[in-house]
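Start counting the sequence shown at 1; every next residue gets the next number (my numbering). Structure first, then comments.
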Amino acid sequence: MFIKKITLVNYRNFKGANFYFDKGINTIIGENASGKTNLFRAIRLLLDSSMPRYSLKLQEGDFNRSIGEWRGHWIIISAEFDNISKDEASQSLFLHGTGNAEAEVVSRATYSLIFRPKSFIRQSLSKIDTGDRVALEEILKTITLDDYETILVGKSAADLSVPSVYKKIVGDFDNVIFPEKLNHPDLGVMILPTISGHATK
Numbered sequence: 001m002f003i004k005k006i007t008l009v010n011y012r013n014f015k016g017a018n019f020y021f022d023k024g025i026n027t028i029i030g031e032n033a034s035g036k037t038n039l040f041r042a043i044r045l046l047l048d049s050s051m052p053r054y055s056l057k058l059q060e061g062d063f064n065r066s067i068g069e070w071r072g073h074w075i076i077i078s079a080e081f082d083n084i085s086k087d088e089a090s091q092s093l094f095l096h097g098t099g100n101a102e103a104e105v106v107s108r109a110t111y112s113l114i115f116r117p118k119s120f121i122r123q124s125l126s127k128i129d130t131g132d133r134v135a136l137e138e139i140l141k142t143i144t145l146d147d148y149e150t151i152l153v154g155k156s157a158a159d160l161s162v163p164s165v166y167k168k169i170v171g172d173f174d175n176v177i178f179p180e181k182l183n184h185p186d187l188g189v190m191i192l193p194t195i196s197g198h199a200t201k
């Protein structure tokens, strides 16, 4: 088993980035302050069970600066695994841990950390009339980090690094258009953090 892809959305240096890996040894090359350390920290947040649980409660400074107002936006850290072994331990990990409930052998799976507003905030955003920027700003100015939650999902079919997908699932802040569905099915299945051993609170 190996990590085939890491996707980062609105996390520190990365507004929307995909990193692709091959089986074996991979090298990350970049200039100073290009985001290498942040990439490795993101991977640790997602997979390192030694990270303290409070690390999953991200901070204002973790949001990518280019989005401007962070309130209401999501941070996504996602990993795609490939070449998963057919042995019982590996299959059990992904069948029961990352939302793959089917009986067939799993060869590829996803695991994502999503830092997003809690449901009552998302519901308030969904009720805003299209284009009503005044209503949007009234809601956004009340949001604090305490109004955010960290969830772990598997079997995601959405690449939120694609702007059109982000707007469909999270919302279009420029045109003030937000989805009615609070939990889009393409996000995947919420799971217990059996890979990282983290708690989500």
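The beta-carbon is built from N, C-alpha and C at its ideal position, and this holds for glycine as well.
- In this structure, the straight-line span from the alpha carbon of HIS73 to that of LEU182 is close to 14 Å.
- The C-beta distance from PHE19 to ILE6 rounds to 4 Å, short enough to fall under 8 Å.
- DSSP places VAL134 within a helical segment (H, G or I) once states are collapsed to three.
- The alpha-carbon of PRO52 is positioned some 12 Å away from that of LEU58.
- Put simply, the segment 8 to 25 touches the segment 35 to 42. At least three CB pairs are less than 8 Å apart.
- Unbroken alpha helix (DSSP H) runs of no fewer than 4 residues, entirely contained in the segment 135 to 192, are found at 163 to 169, following chain order.
- Contact check for ARG108 against ILE128 fails: the beta carbons are separated by 8 Å or more.
- Taking a cut-off of 8 Å for Cβ pairs, the segment 174 to 190 and the segment 122 to 140 touch, as three or more such pairs fall below it.
- Excluding five sequence positions before and after MET1, the CB atoms of its chain that fall closer than 8 Å to its own CB belong to PHE81, ASP82, ASN83, ILE84, SER85, SER90, given in chain order.
- Secondary structure of ILE6 (DSSP, three-state): strand.
- VAL153 sits close to ILE191, with the two beta carbons spaced by under 8 Å.
- Here PHE120 carries a helix assignment [DSSP, helix/strand/coil].
- DSSP places PHE81 within a strand segment (E or B) once states are collapsed to three.
- Each residue's CA atom was taken as its position, placing GLY61 and PRO117 some 16 Å apart.
- In this structure, the CA atom of ARG71 is about 31 Å from the CA atom of LYS4.
- Taking C-alpha positions only, LEU125 is separated from SER55 by approximately 27 Å.
- The DSSP-derived three-state label of GLY72 is coil.
- The beta carbons of ILE151 and LEU160 sit no closer together than 8 Å.
- The C-alpha of PHE63 lies about 12 Å from the C-alpha of ILE77.
- For ALA42, there is no enclosing beta strand (DSSP E); the enclosing alpha helix (DSSP H) covers residues 36 to 47.
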